[in-house]
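Trainee:
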Amino acid sequence: MSIEVRETNACCGAFITGIDLRQDISVDLAAELRAIWLKHKVVAFPDQALNNSDLERFTVALGGFGEDPFFGHIDGHENIAAIARKANEKTPVFAEFFHSDWSFLPVPPAGTCLFGITIPPTGGNTLFADQVAVYEHLPDDMRKQADSLMAIHSAERGYSPDGLYGEDDQKSGRSMNIIPSERARDKYNHPFVREHHETGKKALFSSLAYIQGFVGLSEEESQELLLKFYKFQSREDFIYSHKWEKNMLVMWDNRSLLHAATGGYDGYDRLLHRTTIADSRF
Ligand SMILES: [Fe+2]
Numbered sequence: 488m489s490i491e492v493r494e495t496n497a498c499c500g501a502f503i504t505g506i507d508l509r510q511d512i513s514v515d516l517a518a519e520l521r522a523i524w525l526k527h528k529v530v531a532f533p534d535q536a537l538n539n540s541d542l543e544r545f546t547v548a549l550g551g552f553g554e555d556p557f558f559g560h561i562d563g564h565e566n567i568a569a570i571a572r573k574a575n576e577k578t579p580v581f582a583e584f585f586h587s588d589w590s591f592l593p594v595p596p597a598g599t600c601l602f603g604i605t606i607p608p609t610g611g612n613t614l615f616a617d618q619v620a621v622y623e624h625l626p627d628d629m630r631k632q633a634d635s636l637m638a639i640h641s642a643e644r645g646y647s648p649d650g651l652y653g654e655d656d657q658k659s660g661r662s663m664n665i666i667p668s669e670r671a672r673d674k675y676n677h678p679f680v681r682e683h684h685e686t687g688k689k690a691l692f693s694s695l696a697y698i699q700g701f702v703g704l705s706e707e708e709s710q711e712l713l714l715k716f717y718k719f720q721s722r723e724d725f726i727y728s729h730k731w732e733k734n735m736l737v738m739w740d741n742r743s744l745l746h747a748a749t750g751g752y753d754g755y756d757r758l759l760h761r762t763t764i765a766d767s768r769f
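Okay, so the sequence shown: first residue is 488 according to my numbering, each after it adds one.
In structure tokens:
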């Protein structure tokens with residue numbers, strides 16, 4: 488069996504077939520898969536009947552587990568979180584704003600793995616926005632401005648007790664196991680333009696989902712800028728819309744992409760299992 492890579496028709500993303508991920512993943516195979524992943528930014532492996540231990544082994548082979556704050560984890564697997572929504576759930580769809588996972592950490596995760604278990608027949612695509620392409624296509628004045636900005640990241644709006652996924656949300660019947668905390672108010676600064684330490688490419692890192700403002704600018708100036716950049720960061724021609732299948736594993740690079748969830752599957756259960764891949768440095 489040899490690995491086949493098929494690119495999507497969008498700006499990023501590829502499908503990888505000709506491999507069974509239940510096998511032990513050698514150092515050489517992991518390096519080959521990582522190289523494909525770095526090039527295409529998000530890769531999907533269809534038809535992989537993985538159990539939770541297989542998903543863990545894959546994550547360890549591709550870089551090891553990253554920190555995963557504010558998520559509860561499934562029984563017996565402390566590094567796997569369930570991305571779940573019940574057919575009759577009325578809460579807002581989780582993570583509908585473009586973001587980079589846990590970008591407020593000093594060393595955010597390099598990647599995220601998501602494995603499809605219960606997939607509705609319609610809706611629920613995950614959108615990936617290529618931030619390397621965004622950076623390269625920014626008008627000169629915006630690129631210069633982006634280069635000079637230091638962003639203040641925080642999980643406060645999402646995961647503090649009074650945040651979007653805080654105590655009120657927990658009472659409203661969300662099936663995901665989210666653990667809001669005062670710790671979500673911590674802040675960490677990262678440059679808005681991030682140079683990927685493995686590819687050397689520059690990208691806009693994170694968005695108004697986790698960026699509260701910019702160092703040296705007022706709240707009003709920051710919000711105006713964040714909205715202006717968000718419009719560009721989420722432009723349709725920079726997006727790959729990924730359609731899910733049961734037994735499909737997807738792995739994306741948080742350093743070169745933003746991603747967002749979509750709804751459109753009310754009346755159907757949906758369940759995916761998620762792990763994060765650690766990074767060695769920012
Ligand atoms: Fe996410």
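Ideal placement from N, C-alpha and C gives every residue a C-beta, glycine not left out.
Thinking C-beta only, is Met735 closer than 8 Å to Trp524?
Mentor: In this structure, Met735 does not lie closer than 8 Å to Trp524 by Cβ.
Trainee: Can you tell me where the alpha helix (DSSP H) with Lys539 in it begins and where it stops?
Mentor: Correcting the residue type first, residue 539 is Asn in the shown sequence and not Lys. Segment 539-548, the alpha helix (DSSP H) holding Asn539.
Trainee: Who does Leu745 pair with in a DSSP beta bridge?
Mentor: In DSSP, Leu745 forms a bridge with Ala616.
Trainee: Return the CA-CA distance between Leu714 and Leu695, expressed in angstroms with no decimal places.
Mentor: Straight-line Cα distance between these residues: approximately 7 Å.
Trainee: To which residues of the same chain is Gly551 closer than 8 Å at the C-beta, ignoring the five residues directly before and after it?
Mentor: Hits under 8 Å: Ile764, Ala765.
Trainee: Residue range of the beta strand (DSSP E) that Arg757 falls in?
Mentor: Per DSSP, Arg757 belongs to the beta strand (DSSP E) from 757-764.
Trainee: If the criterion is Cβ atoms closer than 8 Å, does the pair Val621 and Gln720 meet it?
Mentor: A contact, by the Cβ cut-off of 8 Å.
Trainee: With H, G and I counted as helix, E and B as strand and the rest as coil, what does DSSP make of Trp731?
Mentor: Here Trp731 sits in coil by DSSP.
Trainee: Looking at Asp740 and ligand 1, is the gap between the Cβ and the nearest heavy atom below 7 Å?
Mentor: Checking every heavy atom of ligand 1 against the Cβ of Asp740, none is found closer than 7 Å.
Trainee: My assumption, with CB atoms under 8 Å, is that Ser668 sits in contact with Tyr646. Please give the rounded CB distance.
Mentor: Right, the Cβ-Cβ distance comes to about 7 Å (below 8 Å), so this counts as a contact.
Trainee: Please name the residue or residues paired with Ser641 in a DSSP beta bridge.
Mentor: Answer is Lys674.
Trainee: Taking 6 Å as the limit, tell me which residues put their C-beta closer than that to any heavy atom of ligand 1, in chain order.
Mentor: Those residues are Ala582, His586, Asp588, His746, given in chain order.
Trainee: DSSP beta-bridge partners for Glu707?
Mentor: Its beta-bridge partners do not exist; DSSP assigns none.
Trainee: Taking the alpha carbon of Met663 as the point to measure from, which residue in Glu576, Ala690, Lys674 has its own alpha carbon closest?
Mentor: Out of Glu576, Ala690, Lys674, Glu576 has the C-alpha closest to the C-alpha of Met663.
Trainee: Roughly how many angstroms lie between the CA atoms of Ala522 and Asp740, to the nearest whole one?
Mentor: About 11 Å.
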